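K.L.:
Take this structure first; my questions come after.
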Amino acid sequence: MTVSDQKTERLLNLTMALLATTRFMSKSEIFQSVAGYTGSTETKERMFERDKDDLREIGIVIDVGSFDPLFDDEVGYRIKNTEYALDLGELNASERSYLSLAAKLWRNQLFHSSGARALLKVAATDGSAFMDDFAGGVITLENETSHFESLWQAIADHSAIQFSYSNPDISRRNVNPYGLSLWHGIWYLVGHDLDKEGIRVFRLSRIIEEVVVAKKKYSFTIPENFSLKDHLIMLNDQLTITCIALIRVGRCNSLRVAGSVISVDAEWDRITFRQSTSNISELLWFGDDLILESPAELRDQLVSLLAKK
Amino acid sequence: MSETALDRVSRSLNLIPFLSKNPGLSIPEIAHRFDTTPTQISKDLSLLHMCGLPGYSHLELLDIDYEDPNYVSITDPQVLDRPRSLTQIEGLALVLGLSLLLDLTANEHEKEKIEKLQSRLSHSLSESHTRYVSIDNAVLESPFAIEISESIRENTTLTIRYLSATSDSESEREISPRSLNFRDGIGYVQALSLTDHAIRTFRLDRITSVTKSHSTLIGESITKSAQPSATSRIRLPREGFSFLEAHDEVVIDTDFDGAFYTVHLNIEPGEWLIRTLLALPYSAEVLDPSWLSSEVQERAQKALAQYKS
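Chains as they are written, first to last, in my numbering: chain A, 838 to 1146; chain X, 8 to 316.
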């Protein structure tokens, strides 16, 4: 049995003992009853201190308290089941399948492996592992990028990062990463660009090669009033205007769904719809099946683009 | 890379309740789910076999049966009958996944159930982690997505009304959906179209209605959608960068000379390409085939003529 095996076994025994006890267990009780603590008192003490830190490192909350109200000089330990264990309550079949759909959405993405681990835990509460295997009909979001793990770690640890960015010219960027956003199907990184001295938004698919994460943790603080959404709104052209156009009867069907249509004559209908000022492509798509009447500026823009084709 | 004792402890604490609720899996199957090797799982099991509660007689030890490597079971998990609570990122994967699902259904009752589930999960999430990720407007609203995914799971057929942008027409089709995924925020359904006996891809946002149909699928002969028999070459200015990003699935290769992209496209020069080129909000040049170039120009001229009369 290797040293690592012994340690694994001791940590598991300790976790189980602390879960099983309802009252606080003192150190001497632990040394006496939990398998794996051997050697001099000093060795055992050192072992136990390290074990406690290790369990806390993997997120197990160890409660420290007085095990005897009359002698409060000696402390005791325990793990509360309510803090330790997953408790989702009863899940019915449809709730279970929503969880499954939700976890499996993230193919090849930040949440791909964490979603899978979450489902394993759910299956460990209700024995539904086989159901997941045969649950067809998954919906997946296909997104590029292999940078998630390192970016997420840097964001959670508040570590500075450096990467090459193609826009399409390639430049080296130094950024304090603040957060990630999935916006209209595309992942963006929002952060403080140290060279440009301001908040910038980066498209993840344009980050080329590896992201270098600085070793130092907590090297910056995110401003109290910072909100990811404020910076993403700039990407979204919110400006829409009312347009009026003639459209050929029976044509421009996808536009008809979005506006109100009145009949003009046997050949033409007139449609009123909202259109983003930057999205002229949608109108060009319909060719000679659409004649834009207003606004005049958009009409001029359309005419000049058509003339250049 | 060899695992630390802590990695093994973390895995074991979830492995034990998982096996006790999902008996009968083989060692390789378990390894696959826990993202490790069969050798490692065998080692874990022989170690766990010796762990238990103080006393450590057969009454207190974990009762694991893995003599038959094709059928592993745990009859007594002792206090480890429940998995660990979700980590922040695991919880986030589920909570964000559920909020995405809200955009994938139009059914109010269903939305309510998803929201309830979401609030049950989110009370355990720390506020700071939710600040790091935002998924507002992550995908185009697709009210029929969940309904279609159910149809895939249950292997049923649907009648849909579909707006084709390329042919600019609405038609009714009977389909047997096979898969559903989102690329760049737009949902696509791959389905067997019973109307024309072929595998077709439909954009979710162009499906205007869905109703259950009751066709059976016995003996359907399927013709695969044809591979493009011809390719096209176009020249785009610098702004063409975004076109390349959006259509990388049809781009064979690109060459950028500092001012222009020469792009080789793996797509039949047909209606879709003609309209796409017409709709580009800048001038693009068709290098090959030449008829495509004149077709785009002709359509632009026709559209332009409407504004002159």
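Beta carbons are placed, not taken as given, at the ideal position from N, Cα and C, and that holds for glycine. Only a predicted model underlies this, so the values are computations on that prediction, with no experimental measurement involved.
1. At what residue ranges does the region 76-153 of chain X contain a whole run of the beta strand (DSSP E), taking only runs of 3 or more?
2. Just list the residues that DSSP pairs ASN1062/A with in beta bridges.
3. Determine the burial state of TRP1020/A: buried for a count of at least 16 other Cβ atoms within 10 Å of its Cβ, exposed for fewer.
4. Within the same chain, show all residues whose beta-carbon is closer than 8 Å to that of ILE193/X, passing over the 5 residues directly before and after it, in chain order.
5. With distance defined between alpha-carbon atoms, name the residue in THR82/X, LYS50/X and LEU251/X nearest to ARG18/X.
6. Taking C-beta pairs closer than 8 Å, name the residues in chain X that MET884/A reaches, listed in chain order.
7. Using a Cβ-Cβ distance under 8 Å, would GLY104/X count as near chain A?
8. Please list the partners that LYS120/X has in chain A, where partner means a Cβ-to-Cβ separation under 8 Å.
9. Got a sec? Which residues, its chain only, sit under 6 Å from PHE151/X by beta carbon, not counting five neighbours each side?
10. Quick one: what does DSSP say PHE1123/A is sitting in, helix, strand or coil?
11. Using the Cα positions of PRO61/X and SER903/A, report the straight-line distance between them to the nearest angstrom.
12. Identify every residue that forms a DSSP beta bridge with ASN1011/A.
13. Under the rule that 16 or more other beta-carbon atoms within 10 Å means buried, what is LYS958/A, buried or exposed?
14. Just checking LEU892/A against the ligand MN - is the residue's beta carbon closer than 7 Å to any of the ligand's heavy atoms?
15. Can you grab the Cα-Cα spacing for the pair ALA100/X / PHE885/A, in whole Å?
16. Tell me which same chain residues have a C-beta within less than 7 Å of the C-beta of TYR63/X, skipping the five on either side of it?
17. I'd like to know if ALA1095/A contacts chain X, where contact means its C-beta is closer than 8 Å to some C-beta of that chain.
18. Just to make sure I have the definition right: I need the residues of chain A whose C-beta is within less than 8 Å of the C-beta of GLN85/X. Which are they?
19. Helix, strand or coil for ARG946/A? Go by DSSP, reduced to three states.
20. Starting from the Cα of ARG1010/A, find the closest Cα among ASN1004/A, PHE1000/A and ILE1078/A and give me that residue.
21. Rank ILE37/X, PHE250/X and LEU103/X by C-alpha distance to the C-alpha of PHE25/X and give the top, closest one.
22. Can you say whether HIS1068/A is buried or exposed, counting buried as having 16 or more other CB atoms within 10 angstroms of its CB?
23. With distances taken between CB atoms, is the gap from PRO339/X to ILE23/X smaller than 8 Å?
24. Name the residue from ILE1045/A, ILE1059/A and GLU1047/A whose alpha carbon lies nearest to the alpha carbon of GLY1035/A.
25. Starting from ILE992/A and walking both ways along the alpha helix (DSSP H), at which residues does that stretch end?
26. Let me know if TYR169/X comes out buried or exposed under the rule of 16 or more other beta-carbons within 10 Å of its beta-carbon.
P.N.:
The short version:
1. Whole beta strand (DSSP E) segments, 3+ residues: 80-83.
2. According to DSSP, which records beta bridges pairwise, ASN1062/A is partnered with nothing at all.
3. Flag for TRP1020/A reads buried.
4. Same-chain partners within the cutoff: VAL146, LEU147, ARG210, LEU211 and ASP212.
5. Comparing Cα-Cα distances from ARG18/X to each of THR82/X, LYS50/X and LEU251/X, the minimum goes to LYS50/X.
6. For MET884/A, none of the residues of chain X pass the 8 Å Cβ criterion, the least Cβ distance being about 12 Å.
7. Interface criterion met: the Cβ of GLY104/X is under 8 Å from a Cβ in chain A.
8. For LYS120/X, the chain A residues whose C-beta falls within less than 8 Å of its own C-beta are SER931, GLU932 and TYR935, listed in chain order.
9. Result list for PHE151/X: ILE214 and VAL217, in chain order.
10. In this structure, PHE1123/A counts as coil in the three-state DSSP scheme.
11. Their backbone Cα atoms lie some 21 Å apart in a straight line.
12. As DSSP reads the structure, ASN1011/A sits in a beta bridge with GLN999/A.
13. Within a 10 Å sphere around the beta-carbon of LYS958/A sit 16 or more other beta-carbons, which makes this residue buried.
14. Among the components of this structure there are no ligands whatsoever, and the ligand MN is therefore not found.
15. About 34 Å.
16. Hits under 7 Å: none found.
17. No, because no Cβ of chain X sits closer than 8 Å to the Cβ of ALA1095/A.
18. The answer, in chain order, is MET853 and ALA857.
19. The sequence as given places Gln at residue 946/A; Arg does not occur at that position. In the structure shown, GLN946/A sits in coil (DSSP, three-state: anything other than H, G, I, E or B).
20. When only C-alpha atoms are compared, the closest one is PHE1000/A.
21. Just measuring C-alpha positions, the residue of ILE37/X, PHE250/X and LEU103/X sitting nearest PHE25/X is ILE37/X.
22. The residue is buried, with at least 16 neighbouring Cβ atoms inside 10 Å.
23. Outside the displayed span of chain X (8 to 316) sits residue 339/X, for which this structure offers no information.
24. Comparing C-alpha distances from GLY1035/A to each of ILE1045/A, ILE1059/A and GLU1047/A shows the shortest one belongs to ILE1059/A.
25. Element bounds for ILE992/A: 985-994.
26. Classification for TYR169/X: buried.
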